[in-house]
Ligand code: AMP
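Residue numbers (our numbering): 20 to 563.
Put into structure tokens, the structure is as follows:
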């Protein structure tokens with residue numbers, strides 16, 4: 020027997036309607052590429068989003084067409100998100116930090132018909148234009164006064180396009196499984212792969228994100244997403260913040276700038292900020308140098324890479340800010356686990372709480388998790404067994420765009436192989452220990468490079484650290500620690516290795532340390548281990 024409840028589709032347009040009706044006056048503050056910070060509100064955002072939708076129709080877009088963006092976090096990008104997806108187009112966000120050939124690949128693969136671009140990316144597009152096969156026009160996200168001189172054909176001005184379009188539109192209703200947004204993963208090998216989010220997956224992910232034991236988002240929150248709108252929909256914040264009617268503070272192109280972030284957090288009374296660890300290192304460093312505190316900030320959500328204990332401690336002790344670690348990936352919209360304190364753990368000592376905070380967190384309802392061994396057998400949740408982490412749920416991809424059935428990333432019983440290696444403890448907390456491709460196997464046992472890296476960056480002389488496995492005649496592989504020294508520091512190898520004593524198992528301690536000026540990073544800021552292994556291909560441990 021079927022239930023007798025309404026089948027109202029879960030669409031992004033329904034979030035747009037809700038926020039405009041109930042939180043219309045709530046502010047959106049935006050640092051832009053071309054002007055002083057802009058103050059608008061959710062009502063203006065949705066009015067202009069409707070203009071974007073109508074403008075696309077006038078240009079000839081059809082439902083289901085992919086339209087790209089190449090832009091930072093500002094109010095225009097947010098309007099485009101809603102204008103495109105809300106009207107049934109697919110909003111394809113492109114990471115401007117990708118290599119030029121990757122951008123060409125994904126624009127052509129996605130068959131984008133138009134691209135919205137921040138004016139600072141016009142020179143990039145000029146270089147690529149002959150290779151972007153199906154693109155009919157480029158819309159520069161600025162006004163006439165700031166339109167760049169350009170040789171590009173089909174260059175349109177965003178503000179003019181909006182001014183000429185009607186703001187009248189009823190957000191259409193359609194099947195909630197309709198595609199809404201597209202984001203390509205930038206793996207370290209092979210071509211980027213497209214993850215195609217649906218309206219349903221987006222809305223369910225937003226519902227789960229706002230829950231108290233997840234991000235605990237409220238209407239009273241002032242939210243600063245330092246995670247880019249071009250990467251996994253800025254962790255879904257454009258939707259979850261709208262769902263609850265929070266104030267949104269968008270940092271524009273100033274994402275990695277500690278001074279701007281500190282100023283925004285203080286002046287806009289930001290209560291929750293989200294970003295990857297490197298962003299927060301810059302902010303913490305700036306605050307130390309400039310003797311600033313982050314008075315109003317209550318919590319920061321950190322994910323995308325492991326969060327070092329020293330970072331959680333710095334936020335807690337110097338700024339009275341709670342760190343909430345999250346784990347997920349592009350294929351998961353992205354959130355899978357969130358680290359909040361579970362009932363029964365309130366009495367942990369401050370030190371034990373710090374240790375717990377360095378884990379990736381517990382599964383959100385809606386994201387099932389399991390760890391398996393090489394034969395696919397499920398491993399115990401004892402906090403000790405390492406295994407390949409698999410997930411499933413309504414906001415996890417079930418395939419890649421135009422690669423249906425051929426990516427080999429799903430098990431026969433429908434779980435997605437994340438490529439991460441993890442432990443799960445009896446309380447359900449997941450600790451990510453490595454990427455499958457990066458694990459170090461010493462004498463048949465696994466060593467967590469992430470735990471070693473986190474320990475290393477806790478040392479005051481270390482700015483950044485990476486650990487890779489290097490062939491070893493006796494143990495098959497042993498860890499090599501690669502360190503970027505902190506500015507002005509001249510760390511000593513034996514002192515660094517002694518730092519690990521008592522912090523990790525003695526047989527995990529790296530065999531040697533190498534110093535470098537910088538580490539190679541991917542377009543999403545992760546350390547490119549594959550490149551490091553190439554750089555150290557000829558390295559041999561001393562005396563062996
Ligand atoms: P992306 O799809 O670019 O967002 O990258 C997802 C990957 O980032 C995951 O598969 C993990 O390897 C890594 N990652 C994300 N969050 C964390 C975390 N909290 N701790 C460790 N690694 C993480």
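Just so you know, even glycine gets a beta-carbon here, dropped at the ideal spot from N, CA and C.
Bear in mind the structure is a predicted one, so any value in this text is a computation, not a measurement.
Open item on the list: Contact defined as beta carbons within less than 8 angstroms: I believe residue 109 pairs with residue 83. What is the distance between those atoms, to the nearest angstrom?
Closed with: Residue 109 sits at position 90 when you count from the first residue of the chain shown. Residue 83 sits at position 64 when you count from the first residue of the chain shown. Their Cβ separation, rounded to whole angstroms, is 7 angstroms, which keeps residue 109 and residue 83 in contact under 8 angstroms.
- [ ] May I ask you to list the residues that DSSP assigns as paired with residue 554?
- [x] As a first step, residue 554 is located in the chain shown; it is residue number 535 there, counting from the start. Residue 554 pairs with nothing; no bridge assigned.
TODO: Determine which residues share a DSSP beta bridge with residue 356 and list them.
DONE: Within the chain shown, residue 356 is the residue found at index 337, counting from 1. Residue 356 is bridged by DSSP to 346 and 382.
Task: Check: residue 457 C-beta below 6 angstroms from any heavy atom of the ligand AMP - done: For the purposes of this step, residue 457 is taken as the residue at position 438 of the chain shown. Not so, every heavy atom of the ligand AMP lies at least 6 angstroms from the Cβ.
- [ ] Round the Cβ separation of residue 31 and residue 165 to the nearest angstrom and send it over; I've been treating them as touching at under 8 angstroms.
- [x] Here residue 31 refers to the residue found at position 12 of the chain shown. Here residue 165 refers to the residue found at position 146 of the chain shown. Their Cβ separation, rounded to whole angstroms, is 29 angstroms, which puts residue 31 and residue 165 out of contact at 8 angstroms.
Task: beta strand (DSSP E) runs wholly inside the segment 245 to 297, at least 3 long, in chain order - done: With a minimum length of 3 residues, the continuous beta strand (DSSP E) runs that stay inside the segment 245 to 297 are 266 to 269 and 291 to 294.
- [ ] May I have the straight-line CA-CA distance separating residue 197 from residue 107, to the nearest angstrom?
- [x] As a working mapping, residue 197 is identified with position 178 in the chain shown. As a working mapping, residue 107 is identified with position 88 in the chain shown. Distance between the alpha carbons of residue 197 and residue 107: 8 angstroms.
Open item on the list: In the DSSP output, what is residue 13 paired with across the bridge?
Closed with: Here the chain comprises residues numbered 20 to 563, so residue 13 is not present and cannot be evaluated.
Open item on the list: Is any non-hydrogen atom of the ligand AMP found closer than 6 angstroms to the C-beta of residue 451, if you look at the structure I gave you?
Closed with: In the chain shown, counting from the first residue as 1, residue 451 sits at position 432. Shortest gap from the CB of residue 451 to any heavy atom of the ligand AMP: under 6 angstroms.
Task: Whether residue 99 touches residue 261 by CB criterion (7 angstroms) - done: Counted from its first residue, the chain shown places residue 99 at position 80. Counted from its first residue, the chain shown places residue 261 at position 242. Taking 7 angstroms as the cut-off, the beta carbon of residue 99 is found no closer than this to the beta carbon of residue 261.
TODO: Would you mind stating whether residue 105 and residue 133 have Cβ atoms separated by less than 7 angstroms?
DONE: Counting from 1 along the chain shown, the entry for residue 105 is found at position 86. Counting from 1 along the chain shown, the entry for residue 133 is found at position 114. Result no, Cβ atoms of residue 105 and residue 133 do not sit closer than 7 angstroms.
Open item on the list: For a test of the three-state rule: what should DSSP assign to residue 38, helix, strand or coil?
Closed with: In the chain shown, the residue the question calls residue 38 occupies position 19. Assigned with DSSP and collapsed to three states, residue 38 falls in helix.
Task: Contact test: residue 72 Cβ vs the ligand AMP heavy atom, cutoff 6 angstroms - done: Counting from 1 along the chain shown, the entry for residue 72 is found at position 53. Residue 72: no, Cβ never under 6 angstroms from the ligand AMP.
Open item on the list: Taking contact to mean 3 or more Cβ pairs, one atom from each stretch, closer than 8 angstroms, check whether the segment 496 to 507 and the segment 529 to 539 are in contact.
Closed with: Yes: at least three Cβ pairs fall under 8 angstroms.
Open item on the list: Given this structure, state the Cα-to-Cα distance separating residue 154 from residue 313, to the nearest angstrom.
Closed with: If you number the chain shown from 1, residue 154 lands on position 135. If you number the chain shown from 1, residue 313 lands on position 294. Cα-Cα distance, rounded: 44 angstroms.
Task: Burial state of residue 367 (16 or more Cβ within 10 Å) - done: Along the chain shown, read from residue 1 onward, the residue named residue 367 stands at position 348. With fewer than 16 neighbouring CB atoms inside 10 Å of its own CB, residue 367 falls in the exposed class.
Open item on the list: Between the alpha carbons of residue 457 and residue 382, how many angstroms are there, rounded?
Closed with: Counted from its first residue, the chain shown places residue 457 at position 438. Counted from its first residue, the chain shown places residue 382 at position 363. Taking the straight line from one Cα to the other gives about 24 angstroms.
TODO: Run the proximity test for residue 66: is its beta-carbon closer than 6 angstroms to any non-hydrogen atom belonging to the ligand AMP?
DONE: Walking along the chain shown from the start, residue 66 turns up at place 47. Answer for residue 66: no, Cβ out of range of the ligand AMP.
Open item on the list: For residue 284, which residues in the same chain have their Cβ closer than 6 angstroms to its Cβ, ignoring the five residues on either side in sequence?
Closed with: The count along the chain shown starts at 1 and reaches residue 284 at position 265. The beta carbon of residue 284 is closer than 6 angstroms to those of 313 and 316 in its chain, skipping five residues each way along the sequence.
Open item on the list: Here's the rule: buried if 16 or more other CB atoms are within 10 angstroms of the residue's CB, otherwise exposed. What is residue 93?
Closed with: If you number the chain shown from 1, residue 93 lands on position 74. Answer is buried; the Cβ neighbour count reaches 16.
Open item on the list: When you measure from the CB of residue 3 to every non-hydrogen atom of the ligand AMP, does any distance come out below 6 angstroms?
Closed with: With the chain covering only 20 through 563, there is no way to say anything about residue 3.
TODO: Express the C-alpha separation of residue 181 and residue 65 in angstroms, rounding to a whole number.
DONE: Within the chain shown, residue 65 is the residue found at index 46, counting from 1. Within the chain shown, residue 181 is the residue found at index 162, counting from 1. Cα to Cα, the separation comes out at about 12 angstroms.
- [ ] Let me know the beta strand (DSSP E) ranges lying completely inside the segment 476 to 539, each 3 residues or longer, listed in chain order.
- [x] DSSP runs (the beta strand (DSSP E)) wholly in the segment 476 to 539: 481 to 491, 495 to 504 and 531 to 534.
Task: Of the residues 38, 334 and 73, the one placed nearest residue 191, counting alpha carbons only - done: Walking along the chain shown from the start, residue 191 turns up at place 172. Taking the Cα of residue 191 as reference, the smallest distance to any Cα among 38, 334 and 73 is reached at 73.
Task: Where residue 77 falls, given that 16 or more other Cβ within 10 Å makes a residue buried - done: As a working mapping, residue 77 is identified with position 58 in the chain shown. With fewer than 16 other Cβ atoms from the protein chains shown falling within 10 Å of its own Cβ, residue 77 counts as exposed.
TODO: Label residue 369 either buried or exposed according to how many other C-beta atoms from any shown protein chain fall within 10 Å of its C-beta, with 16 as the threshold for buried.
DONE: Locating residue 369 in the chain shown gives position 350, counting from the first residue. By the 10 Å Cβ count, residue 369 comes out exposed.
Open item on the list: Considering only the alpha carbon of each residue, which of 194, 213, 189 and 209 lies closest to residue 200?
Closed with: Locating residue 200 in the chain shown gives position 181, where the first residue counts as 1. Measuring from the Cα of residue 200, the nearest candidate turns out to be 213.
Open item on the list: One question on the structure: do residue 408 and residue 430 come within less than 7 angstroms of each other, judged by their Cβ atoms?
Closed with: The count along the chain shown starts at 1 and reaches residue 408 at position 389. The count along the chain shown starts at 1 and reaches residue 430 at position 411. The Cβ atoms of residue 408 and residue 430 lie no closer than 7 angstroms to each other.
Open item on the list: Please classify residue 41 as buried or exposed, where buried requires at least 16 neighbouring CB atoms within 10 angstroms.
Closed with: Residue mapping note: residue 41 aligns to position 22 of the chain shown, counting from 1. With fewer than 16 other beta carbons inside 10 angstroms of its own, residue 41 counts as exposed.
TODO: With hydrogens ignored, establish whether the beta-carbon of residue 346 is closer than 6 angstroms to any heavy atom of the ligand AMP.
DONE: If you number the chain shown from 1, residue 346 lands on position 327. Relative to the ligand AMP, residue 346 has its C-beta within less than 6 angstroms of a heavy atom.
Task: Cut-off 6 angstroms between Cβ atoms - residues of its own chain near residue 141, not counting five sequence neighbours on either side - done: Translated into positions along the chain shown, residue 141 becomes position 122. Around residue 141: 167 and 169.
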